[in-house]
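First the structure, in the form of structure tokens, and then the observations on it.
There are 2 protein chains.
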Amino acid sequence: MFTKTLIAEDMQDINKGIHAALCELGIKEIHQVQYCDDAYLKIKKAELDGVPYELLITDLSFKRDWREQKIRSGEELIRTIRNEFPEMKIIAYSIEDRIQKVRSLITSYGINGYVCKTRRGLVELTNAISSVFENIPYLSPEVSHALNPTNDLEINDYDILLLEQLSKGLSQDDISLYFSKNNIKPSSLSSIEKRLNKLRIDFKANNAIHLVATAKDLGLI
Amino acid sequence: MFTKTLIAEDMQDINKGIHAALCELGIKEIHQVQYCDDAYLKIKKAELDGVPYELLITDLSFKRDWREQKIRSGEELIRTIRNEFPEMKIIAYSIEDRIQKVRSLITSYGINGYVCKTRRGLVELTNAISSVFENIPYLSPEVSHALNPTNDLEINDYDILLLEQLSKGLSQDDISLYFSKNNIKPSSLSSIEKRLNKLRIDFKANNAIHLVATAKDLGLI
DNA sequence: AGTACCCTTACGGCTTATCGTAAAGCAAAA
DNA sequence: TTTTGCTTTACGATAAGCCGTAAGGGTACT
Numbered sequence: 001m002f003t004k005t006l007i008a009e010d011m012q013d014i015n016k017g018i019h020a021a022l023c024e025l026g027i028k029e030i031h032q033v034q035y036c037d038d039a040y041l042k043i044k045k046a047e048l049d050g051v052p053y054e055l056l057i058t059d060l061s062f063k064r065d066w067r068e069q070k071i072r073s074g075e076e077l078i079r080t081i082r083n084e085f086p087e088m089k090i091i092a093y094s095i096e097d098r099i100q101k102v103r104s105l106i107t108s109y110g111i112n113g114y115v116c117k118t119r120r121g122l123v124e125l126t127n128a129i130s131s132v133f134e135n136i137p138y139l140s141p142e143v144s145h146a147l148n149p150t151n152d153l154e155i156n157d158y159d160i161l162l163l164e165q166l167s168k169g170l171s172q173d174d175i176s177l178y179f180s181k182n183n184i185k186p187s188s189l190s191s192i193e194k195r196l197n198k199l200r201i202d203f204k205a206n207n208a209i210h211l212v213a214t215a216k217d218l219g220l221i
Numbered sequence: 001m002f003t004k005t006l007i008a009e010d011m012q013d014i015n016k017g018i019h020a021a022l023c024e025l026g027i028k029e030i031h032q033v034q035y036c037d038d039a040y041l042k043i044k045k046a047e048l049d050g051v052p053y054e055l056l057i058t059d060l061s062f063k064r065d066w067r068e069q070k071i072r073s074g075e076e077l078i079r080t081i082r083n084e085f086p087e088m089k090i091i092a093y094s095i096e097d098r099i100q101k102v103r104s105l106i107t108s109y110g111i112n113g114y115v116c117k118t119r120r121g122l123v124e125l126t127n128a129i130s131s132v133f134e135n136i137p138y139l140s141p142e143v144s145h146a147l148n149p150t151n152d153l154e155i156n157d158y159d160i161l162l163l164e165q166l167s168k169g170l171s172q173d174d175i176s177l178y179f180s181k182n183n184i185k186p187s188s189l190s191s192i193e194k195r196l197n198k199l200r201i202d203f204k205a206n207n208a209i210h211l212v213a214t215a216k217d218l219g220l221i
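In order, the protein sequence lines correspond to chains A and B.
The UniProt record's numbering puts the first sequence at residues 1 to 221.
The UniProt record's numbering puts the second sequence at residues 1 to 221.
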């Protein structure tokens with residue numbers, strides 16, 4: 001089993017819960033931080049001291065408070081760590097269950113495990129740790145189909161851009177103007193209407209509000 | 001200090017974290033449940049056995065799963081317990097920080113403490129327990145102004161309901177119909193328009209799409 | 001060139017949303 | 001009871017969204 005791990009999780013209660021679970025797994029050195037910057041510094045120092053961490057368990061979202069942070073999210077932390085310490089095992093532990101997000105974490109940063117915070121989250125986390133220790137990637141059942149490219153709708157960058165602008169409160173007219181100014185084609189109101197109509201059909205949405213809400217649920221925007 | 005307490009919290013990790021904190025407080029009998037119905041049954045049985053719980057620490061929102069539950073939320077649990085066991089101390093521990101909600105929990109059900117799940121949530125929870133043990137009500141700083149009736153610009157359950165229906169793709173007409181069918185007042189199209197207009201202003205949203213997107217970002221829906 | 005095809009754009013009708021104003025309903029205070 | 005103030009409802013005008021049809025503009029192939 002791992003001997004030295006780091007927990008990065010802003011919420012004290014969850015952090016403590018994870019700690020208790022790791023203890024039961026027989027891990028000896030367990031360190032805890034509530035800020036991403038602290039996580040980075042601890043990992044950096046451990047490396048310099050010649051006693052590096054073997055495993056990082058990190059949340060994705062960290063609430064901001066009065067402490068200024070260079071690294072503001074778990075995703076940034078993962079990217080940074082992956083760059084400088086490619087060998088370290090990383091497990092993300094988050095309430096986030098958006099497939100797109102999970103997929104990008106795996107493909108872009110090569111995390112070793114992803115566990116959803118659910119009722120049985122801790123059980124899964126212990127399973128994930130054992131699995132990752134044996135070099136087998138682990139995904140929670142909720143997101144295990146993230147790597148399965150079958151259910152890919154034909155959503156492209158233009159669609160995402162469109163939905164983003166829509167969710168920011170721009171009218172279709174505004175978006176048309178914005179697109180033509182920024183040389184994004186097609187830019188006409190009619191084309192935008194057409195594309196949105198297609199998206200509504202694809203996502204089985206009744207109207208634009210429903211469409212944007214669905215896109216947010218799916219993690220597209 | 002209390003000698004017998006119950007923790008009702010669906011998330012395993014948080015439940016475990018609370019448990020560890022209570023242990024450090026020197027509480028001897030700490031029981032844990034992940035479902036509201038279990039909490040009720042345990043409390044009922046303890047009463048019948050003549051060894052009642054002195055303190056209940058409960059979450060407010062419990063995710064539904066395959067297990068059918070009669071009591072579906074922390075609020076319902078609190079109402080039930082208050083009715084049957086008026087002398088039991090109750091502390092709500094939730095991420096919810098809507099003043100209106102906290103206020104109603106205090107005034108309607110007379111809970112003894114309310115602690116927000118934040119970074120330092122556990123520290124506050126231990127403070128709350130000590131305070132409640134000495135019969136002094138406790139409120140997290142985030143909501144300590146809940147009893148101060150100055151703040152009126154609040155989002156209430158009606159607003160949430162409205163935003164939810166909107167995000168599900170119903171038109172304002174549909175919602176009006178739905179509300180009158182389900183006896184939710186006010187239900188007229190005009191009132192719905194007015195309320196949405198107020199919400200748009202409160203959230204600085206350009207239109208309904210923007211409003212729903214913002215509400216989703218804030219986790220209101 | 002011609003034509004076949006697809007993507008883009010334009011426009012008109014119809015529906016829904018947004019906004020202002022005003023009337024009706026209701027309850028507490030005078 | 002009347003007055004007063006607030007909430008809810010009604011309605012009309014303008015704007016935005018939705019939908020079908022058709023015209024314009026490329027590109028590739030014959």
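We treat Cβ as the ideally placed atom computed from N, Cα and C, and that holds for glycine.
Please compile the residues from chain B whose C-beta is within a distance smaller than 8 angstroms of the C-beta of residue i.
{"i": "A20(A)", "result": "K16, G17, H19 and A20"}
{"i": "A205(A)", "result": "G169"}
So which residues of chain B does residue i contact, with C-beta pairs closer than 7 angstroms?
{"i": "R119(A)", "result": "D10, M11, Q12, Q34, K63 and D65"}
{"i": "L166(A)", "result": "I209"}
State the beta-bridge partners of residue i as determined by DSSP.
{"i": "L56(B)", "result": "L6(B) and I90(B)"}
{"i": "C116(B)", "result": "S94(B)"}
{"i": "Q32(A)", "result": "I7(A)"}
{"i": "S61(A)", "result": "S73(A)"}
At a threshold of 7 angstroms, does residue i count as lining the ligand MG (C-beta to nearest heavy atom)?
{"i": "T5(A)", "result": "As for the ligand MG, it is missing from this structure, which has no ligand bound."}
- What residues from the segment 209-220 of chain B come within 7 angstroms of chain A, judged by C-beta to C-beta, listed N to C? I209, H210, V212, A213 and K216
Q | beta strand (DSSP E) runs contained entirely in the segment 127-215 of chain B, provided each spans 3 or more residues | A | none
Exercise for the section: Could you please tell me which residues of the segment 118-147 of chain A, in chain order, have their CB closer than 8 angstroms to any CB of chain B? Expected result: T118, R119, R120, G121, L122, V123 and L125
Is it true that the segment 163-176 of chain A meets the segment 201-209 of chain B, where meeting means three or more beta-carbon pairs spaced less than 8 angstroms apart? yes
- State whether the segment 70-87 of chain A contacts the segment 30-37 of chain A, with contact taken as three or more CB pairs (one from each stretch) at a distance under 8 angstroms. yes
Item to complete: Check whether the segment 132-140 of chain B touches the segment 102-117 of chain B, counting contact only when three or more Cβ pairs, one atom from each stretch, lie closer than 8 angstroms.
Response: yes
query: Between the segment 44-59 of chain A and the segment 90-98 of chain A, do three or more beta carbon pairs fall short of 8 angstroms?
result: yes
With three or more beta-carbon pairs closer than 8 angstroms as the criterion, would you say the segment 19-36 of chain B touches the segment 23-30 of chain A? no
Contact between the segment 5-16 of chain B and the segment 171-191 of chain B: three or more CB pairs below 8 angstroms? no
Segment contact, 8 angstroms Cβ cut-off, at least three pairs: the segment 10-28 of chain A with the segment 10-27 of chain B
yes
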